[in-house]
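Worksheet: one structure, shown below.
Protein chains: 2
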Amino acid sequence: MQKPSIPKGTRDFSPEEMAKRNYIFNTIREVFHLYGYQQIETPAMENLSTLMGKYGEEGDKLLFKILNSGDCFSGIADEELPERNPVKFAVKACEKGLRYDLTVPFARYVVQHRNDITFPFKRYQIQPVWRADRPQKGRYREFFQCDADVVGSNSLLNEVELIQLMDEVYHRFGIRVCIKMNNRKILSGIAEILGEADKIVDITVAIDKLDKIGLENVNQELRAKGLTEEAITRLQPIITLAGTNEEKLEVLKQELGASQVACKGIEEMQYILTQTNLLGLRSTLELDLTLARGLNYYTGAIFEVKALDVQIGSITGGGRYDNLTGVFGMDGVSGVGISFGADRIFDVLNQLELYPADSLQTTQLMFVNFGAKEQEYLLPLLAQIRKAGIRTELYPEPAKMKKQMGYADTKKIPFVGLVGETEMNEGKINLKNMLTGEQNPVTLAELIALF
Amino acid sequence: MQKPSIPKGTRDFSPEEMAKRNYIFNTIREVFHLYGYQQIETPAMENLSTLMGKYGEEGDKLLFKILNSGDCFSGIADEELPERNPVKFAVKACEKGLRYDLTVPFARYVVQHRNDITFPFKRYQIQPVWRADRPQKGRYREFFQCDADVVGSNSLLNEVELIQLMDEVYHRFGIRVCIKMNNRKILSGIAEILGEADKIVDITVAIDKLDKIGLENVNQELRAKGLTEEAITRLQPIITLAGTNEEKLEVLKQELGASQVACKGIEEMQYILTQTNLLGLRSTLELDLTLARGLNYYTGAIFEVKALDVQIGSITGGGRYDNLTGVFGMDGVSGVGISFGADRIFDVLNQLELYPADSLQTTQLMFVNFGAKEQEYLLPLLAQIRKAGIRTELYPEPAKMKKQMGYADTKKIPFVGLVGETEMNEGKINLKNMLTGEQNPVTLAELIALF
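Quick mapping for you: the protein sequence lines, in order, are chains A and B.
Numbered continuously in the working numbering, the first sequence closes out at residue 458.
Numbered continuously in the working numbering, the second sequence closes out at residue 458.
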């Protein structure tokens with residue numbers, strides 16, 4: 008018989024991996040709660056009508072579709088079958104699909120429950136999503152997203168608090184990060200000033216290469232993309248933008264003063280920087296004009312977090328959007344949100360070995376099983392130890408010592424209790440520290456006090 | 008535009024429902040950890056070859072199947088299409104299906120990772136499962152299972168500890184329960200003694216009706232099921248079995264002494280009862296021969312938990328099995344496990360109103376937003392309050408007082424802080440208790456001490 012396996016691009020999570028993932032999610036969750044975010048969950052399956060057309064043509068193809076139970080052929084005419092058209096067939100044979108991200112289900116949730124929600128609505132959601140992408144290193148067909156959004160509030164206070172929140176999360180992880188920030192309105196202003204509204208992406212991509220290829224080559228690239236010499240000249244102070252955030256803002260004010268939308272963006276940025284300055288962030292916060300994520304979607308602040316000590320893509324991202332729910336017929340719901348990349352945070356914590364020791368150990372104390380008599384003696388003792396909140400177990404059978412100690416070892420249990428004839432008579436527990444090998448007889452009260 | 012909706016039989020969980028569910032899962036999880044159980048997770052999608060044939064013919068139909076991405080027709084000949092046979096088609100057009108329970112994926116996990124697992128393996132798993140059942144009250148197409156199993160150990164200590172564990176969980180919930188216990192070996196012994204091996208289910212079903220229909224009618228029903236008069240006569244002491252667990256065991260010993268398998272079952276039961284007696288359970292533990300869940304599957308102890316103060320089916324069940332992984336080609340893995348019914352526990356806690364108040368509140372303290380100046384003053388203050396671990400938020404904009412207080416009300420925030428001109432000058436926070444309406448000026452230190 009063949010060894011069973013799981014679908015490609017999916018993963019099993021072992022106890023150790025789960026302990027690490029729980030550490031990550033619990034840390035983030037705790038900080039979400041500190042800021043008043045509340046959790047919701049939506050079903051794994053959504054109606055395909057909810058999902059289709061929301062992620063572009065390519066996204067539609069990457070949706071996992073669920074074959075209708077019962078007769079999947081019922082909506083299909085005989086003449087259609089010989090066409091063997093999988094796309095057309097799927098639309099009729101599948102009513103449901105698996106969640107592709109958390110944003111569309113959240114938008115659907117807001118519209119569906121609009122009468123029960125008190126706005127501003129601060130929600131977070133930590134759930135898996137599924138994409139029929141080609142699996143590759145670091146890219147899975149099932150992975151977790153971890154999103155927090157405030158909807159129904161235009162206040163920049165939300166941006167300020169989200170920056171604080173990201174700062175707090177990475178402080179707790181012990182990961183040194185740079186929080187990069189941009190504003191879609193400033194990018195729009197640049198394009199407006201240059202008269203090149205459709206070239207924002209080309210411009211940000213080119214500027215981003217300054218360090219690597221130098222100013223001459225950046226200008227060359229802009230020329231190749233069709234920018235006029237006049238535009239390129241006007242763009243020089245922006246390409247070479249440097250210094251502190253305040254210095255950068257000064258240059259932008261000078262260069263983009265003629266654009267109303269740019270001024271609005273600069274003002275927003277100024278406000279956010281001033282407020283966060285008063286809060287004493289531990290991360291660096293950096294104005295970065297090359298940040299161009301979600302340009303079709305974001306309308307104000309854009310965020311991205313980079314780890315300083317590991318080479319890896321952004322580990323958190325987000326921004327402000329204008330119209331979350333318009334696609335479901337409810338206009339005027341703006342909001343701002345961030346998304347933590349759990350898989351990448353997992354990798355960073357692994358690489359830097361930043362998991363706190365106690366996040367990885369489950370059982371704190373194991374008792375060796377010497378036989379029926381000792382077992383009977385120990386059971387009520389264990390009950391008292393557990394009552395004190397100590398995670399403890401008794402090896403379930405009187406196996407060979409080596410086997411029992413091996414079990415404690417692989418399970419990373421830091422203490423082992425040995426209770427034989429002598430200890431039972433003396434009312435003691437012989438406590439072995441698995442790290443140092445040290446062994447000491449202690450009373451129950453001493454043992455409980457120790458943990 | 009039509010209001011969006013979700014597939015029938017699925018649910019959204021609101022912040023309040025999530026708080027309740029998290030309370031349930033966290034309580035169970037904490038107790039699992041106290042007993043040394045470690046969490047694993049498996050993918051939502053399994054290969055259909057892993058799932059098919061494991062749940063009977065009916066189960067195969069209830070599996071949600073995922074249409075192959077790319078060309079779902081590629082494995083299907085032109086001649087097959089006009090047959091329009093959905094079952095045959097699904098087998099070829101779908102490689103993957105959604106998890107139907109946690110047991111088969113766990114068995115698959117054990118076999119796949121056998122070389123990395125240290126046995127005995129105490130694992131728990133809390134994940135959703137999906138079934139294309141007809142949705143009805145209390146039955147969903149997506150629901151959570153919450154399982155704990157020890158595999159690779161035959162020791163009855165595991166049964167004893169699982170009973171202790173269930174007792175602890177329901178004690179923490181404040182739900183009064185009766186833990187019912189049976190043993191498959193005793194049932195087999197009864198059938199052996201009567202010479203009616205295939206009638207165990209009929210017999211247990213009939214005995215179960217004793218209270219409702221009386222002994223005469225029970226015997227009548229057994230006759231109708233084809234039991235001989237001799238068998239029925241021999242069965243009388245067992246049908247009318249009553250008294251304490253010890254008295255019941257005495258009768259069983261007398262009546263079933265001739266069956267070796269029954270004696271083994273009685274001995275197991277005796278051991279488990281003796282050991283748990285020493286541990287002082289808070290729940291009643293009751294030997295109940297009518298317990299016949301999972302008869303195809305369980306080989307030793309069988310458990311079921313009934314809530315005493317609510318009319319509802321069993322809220323936890325489980326038992327010992329002999330051969331978890333045989334179907335995947337790995338023999339000799341026996342184990343014992345239990346499964347908590349999260350949806351029913353949710354209903355019981357709701358009906359008895361047993362949720363602790365602090366499990367339902369997320370934010371502990373909200374500050375009213377009076378405007379830009381106050382906001383700027385409050386931000387660093389909030390940072391300090393959060394540093395003390397208090398979940399606090401500042402309403403994001405200076406909206407009308409009524410709106411802000413309404414927000415605190417619906418979010419069940421117990422305290423509201425008011426800081427205006429006077430309070431800023433005096434360095435105080437005007438703290439309002441939302442339950443009593445009481446309002447008092449406090450310093451930051453006093454406020455932190457209060458929580």
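C-beta: ideal position from N, C-alpha, C; glycine also.
- Using beta-carbon distances, R398 of chain B counts as an interface residue toward chain A, with a partner under 8 Å.
- Note on geometry: alpha-carbon atoms of R18 of chain B and T49 of chain A lie some 7 Å from one another.
- A straight-line Cα-Cα distance of about 31 Å links L296 of chain A and L389 of chain B.
- Straight across, the Cα-Cα distance linking P135 of chain B with G434 of chain B is about 50 Å.
- Residue state for K439 of chain A is assigned as strand, using DSSP reduced to three classes.
- Excluding the 5 residues flanking it on each side, T211 of chain A has same chain C-beta neighbours closer than 8 Å at L194, L296, T297, L298 and A299, in chain order.
- In this structure the segment 34-43 of chain B touches the segment 393-406 of chain A; the number of beta carbon pairs closer than 8 Å is three or more.
- Taking 8 Å as the threshold, the shortest C-beta distance from L386 of chain B to chain A falls below it.
- Distance from the CA of P127 of chain A to the CA of K61 of chain A, rounded to the nearest whole angstrom, comes to 24 Å.
- K380 of chain B: member of the alpha helix (DSSP H) spanning A379 to K394, first to last residue.
- Residues of the segment 85-112 of chain A that bring their beta carbon within less than 8 Å of a beta carbon in chain B comprise D85, L88, P89, R91, P93, F96, A97, A100, C101, E102, K103 and L105, in sequence order.
- Separation of the CB atoms of L451 of chain A and L438 of chain A is rounded to 11 Å, and the pair is thereby denied contact status at 8 Å.
- Listed along chain A, no residue sits closer than 7 Å to H178 of chain B by beta-carbon distance, the nearest being about 11 Å off.
- Under a criterion of Cβ atoms nearer than 8 Å, no residue of chain A is adjacent to V184 of chain B; the nearest Cβ is some 18 Å distant.
- In this structure, the straight-line span from the alpha carbon of T34 of chain B to that of H178 of chain B is close to 11 Å.
- Around the CB of L169 of chain A, 16 or more other CB atoms lie within 10 Å, so the residue is classed as buried.
- Secondary structure note for G63 of chain B: its alpha helix (DSSP H) is the uninterrupted segment G63 to L69.
- Distance from P22 of chain B to I47 of chain A at the Cβ level is roughly 6 Å; contact confirmed, criterion being Cβ atoms closer than 8 Å.
- Secondary structure at Y107 of chain A: coil, using DSSP grouped into helix, strand and coil.
- Listed along the chain, the chain A residues whose CB falls inside 9 Å of the CB of Y62 of chain B amount to none; the nearest CB is some 14 Å away.
- Close to D78 of chain A, with beta-carbon spacing below 7 Å, are these residues of chain B in chain order: P93.
- Counting C-beta atoms within 10 angstroms of its own C-beta, S81 of chain A has fewer than 16 neighbours from the protein chains shown and is therefore classed as exposed.
- The C-beta of Y328 of chain A comes no closer than 8 Å to any C-beta of chain B.
- By the C-beta density criterion, A84 of chain B is exposed, having fewer than 16 other C-beta atoms within 10 angstroms.
- The shortest CA-to-CA distance from Q446 of chain A to any of A:F422, A:T429, A:L457 and A:N432 is the one to A:F422.
- Taking a cut-off of 8 Å on C-beta distances, the segment 100-112 of chain B touches the segment 61-81 of chain B, as three or more cross pairs fall below it.
- By the criterion of at least three beta-carbon pairs nearer than 8 Å, the segment 398-417 of chain A is in contact with the segment 360-372 of chain A.
- Within the segment 41-53 of chain B, contact with chain A at the beta-carbon level (separation under 9 Å) is assigned to L41, Y42, G43, Y44, Q45, Q46, I47, E48, T49, P50, A51, M52 and E53.
- Here DSSP, grouped into helix, strand and coil, assigns Y402 of chain B to coil.
- For E37 of chain B, the enclosing alpha helix (DSSP H) starts and ends at P22 to L41.
- The alpha carbon of G307 of chain A has as its nearest neighbour, out of A:V208, A:L292 and A:N161, the alpha carbon of A:N161.
- For C153 of chain A, the enclosing beta strand (DSSP E) stretches over residues E149 to V158.
- Inter-segment contact for the segment 144-157 of chain B and the segment 104-118 of chain B is present: three or more beta-carbon pairs are separated by less than 8 Å.
- Within the segment 245-294 of chain B, the runs of beta strand (DSSP E) at least 3 residues long that lie entirely inside it are, in chain order, 291-294.
- In this chain, the alpha helix (DSSP H) harbouring P93 of chain B covers P93 to A100.
- P403 of chain B counts as buried, since no fewer than 16 other beta carbons sit within 10 angstroms of its beta carbon.
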